[in-house]
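Chains as they are written, first to last, in this note's numbering: chain R, 1 to 249; chain V, 250 to 470.
Notes for the one structure printed next.
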């Protein structure tokens, strides 16, 4: 399937993970491992970055907005950065740099050490066993990470906003939710889910296209990161444009 | 299991490695494939174990071409074929037990976990690997990894075993044990295809021999 190119490979993987339950006897452990590596072990990094960004937005934005008498706009800015635009992009970038490269390296090394051939010889499909659970795990993990990012980013923003003006928690969150549109959540979820799909497909494809030499692994990694980043950017730009068209601003 | 190679031709990067190659081996027989380094023994191993499909020609199992088998028959073929790689081919991020569990989970979903573990423990004990079951396979020595690769191939009680460069990593004592084991398997009706130049393998096991022609390996198309 690899020899036919990226699109047939992707179509095959997607059709395989739709019927994931059929292969769960061998694939479920791989799915759990992927979610643990991408969605749980990256938690510390995501929490730290989210809180710092939430805090930075308030530190930079609140004094300026307050100076022109528009302090309430800070909620709108928090939503557009943490929930809708910057947040999903940062989370996808962290996952691409951390888990996408790990997938390409792992699969590339498995090709070189004939582990993929060994799976084929046992009648285990490398797509069902290695790729489909990673794709599914990546999508689940990105949604989980994005949830942590939103929670921590907004909490970080709240903590710092208290330094400028004491606001009760209930008031802060009531105003924030008042500014939140359901489409913000939908756009955020679609962005991270689609990015997760593309990052995992691109990383797996480039890992499996390693041929024989271990020196091909870093070369494939560079290509995977480059193409993954372009895909993530295109997905984010397209969905942001769609959001602007739908919401009318 | 009767395995026949019909008019196999295969080239790599415009170099003909095999041209109209024919060979066959029946149940309880051993085909030893030999030849100098680089003449295509590992390529033959890959074609025989259907990891690579030849450019033309067919591998025929019990009268049925592998490339024309339906998925159910193909799964049956895979279950009955034990493949042992030169470098073990163990999955490095799994423990030895998980490695051995993988083919059982693939082909014997209905078997309960206790029975699977019983089979794994028995085979691990046979190869003195029982203390390494919980360890990742990268912790094993090359000889132990080779034995573990053999154990994994034998776990499903295959009707044919294909082994690339058997016993190259195994010490003399284990080498003799494995040789006796292969003789025993042959007597029980298992088909063996061994890609090896080792004299003891050829003298004690070979019923059929296939000497790969070095000149053909390097002839330009």
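The beta carbon of each residue, even a glycine, is placed where N, CA and C say it ideally should be.
Model, not experiment: these values are computed from the prediction.
For chain R, find out if any of its Cβ atoms is closer than 8 Å to the Cβ of residue 380 of chain V; answer yes or no.
So no, residue 380 of chain V is outside the interface.
Residue 263 of chain V by DSSP, collapsed to three states: which one?
In this structure, residue 263 of chain V counts as coil in the three-state DSSP scheme.
Using the beta-carbon of each residue, which ones in chain C are nearer than 7 Å to residue 123 of chain R?
Checking the listed chains, one finds no chain C in this structure; the protein chains it contains are R and V.
In whole angstroms, what is the alpha-carbon distance linking residue 370 of chain V and residue 431 of chain V?
C-alpha separation (whole angstroms): 20 Å.
Check the Cβ of residue 254 of chain V against every Cβ in chain R and list those closer than 8 Å, keeping chain order.
By Cβ distance, chain R contributes nothing, its closest Cβ being about 17 Å from residue 254 of chain V, past 8 Å.
Going by DSSP in three states, residue 212 of chain R sits in which element: helix, strand or coil?
Reduced to three states, the DSSP call for residue 212 of chain R is coil.
Exposed or buried, which one is residue 117 of chain R when buried takes at least 16 other CB atoms within 10 Å?
Result: buried.
Would you say residue 338 of chain V faces chain R, with C-beta separation under 8 Å as the test?
Judged by the 8 Å Cβ criterion, residue 338 of chain V is in contact with chain R.
Roughly how many angstroms lie between the CA atoms of residue 62 of chain R and residue 168 of chain R, to the nearest whole one?
Roughly 17 Å between the two C-alpha positions.
How would you call residue 337 of chain V, buried or exposed, if buried means at least 16 neighbouring beta carbons within 10 angstroms?
Its Cβ being crowded by 16 or more others within 10 Å, residue 337 of chain V is buried.
Measuring CB to CB, does residue 140 of chain R end up less than 8 Å from residue 46 of chain R?
Result no, Cβ atoms of residue 140 of chain R and residue 46 of chain R do not sit closer than 8 Å.
So with CB distances below 7 Å, who are the chain V contacts of residue 120 of chain R?
In chain order: 300.
By the DSSP assignment, the alpha helix (DSSP H) with residue 327 of chain V in it spans what residues?
Segment 320-328, the alpha helix (DSSP H) holding residue 327 of chain V.
Are residue 376 of chain V and residue 400 of chain V closer than 8 Å when you measure CB to CB?
Their beta carbons are under 8 Å apart, which means residue 376 of chain V touches residue 400 of chain V by this criterion.
Using beta carbons (cut-off 8 Å, strictly below), is residue 19 of chain R in contact with chain V?
Closer than 8 Å: no.
Using a Cβ-Cβ cut-off of 8 Å (strictly less than) and excluding sequence neighbours within five positions of residue 2 of chain R, which residues of its own chain qualify?
Cβ within range, chain order: 9, 205, 208 and 209.
So if I threshold CB-CB distances at 7 Å, which residues from the region 214-234 of chain R count as touching chain V?
Result list empty, no residue passes.
What residues match up with residue 305 of chain V in a beta bridge as DSSP calls it?
Beta-bridge pairing links residue 305 of chain V to V/258.
Which runs of the alpha helix (DSSP H) spanning at least 4 residues fall entirely within the region 9-46 of chain R, listed in chain order?
Listed in chain order, the complete alpha helix (DSSP H) runs (minimum 4 residues) inside the region 9-46 of chain R are 24-35.
Roughly how many whole angstroms lie between the Cα atoms of residue 467 of chain V and residue 262 of chain V?
Bear in mind that a pLDDT of 42 at residue 467 of chain V, under 50, signals an unreliable position, so the model cannot answer this.
Grab me the residues of residue 315 of chain V's own chain with a C-beta within less than 8 Å of its C-beta, minus the 5 sequence neighbours each way, in chain order.
Answer for residue 315 of chain V: 299, 307, 308, 309, 323 and 326, listed in chain order.
Does the region 337-347 of chain V come close enough to the region 380-389 of chain V that 3 or more CB-CB pairs lie under 8 Å?
Touching, yes.
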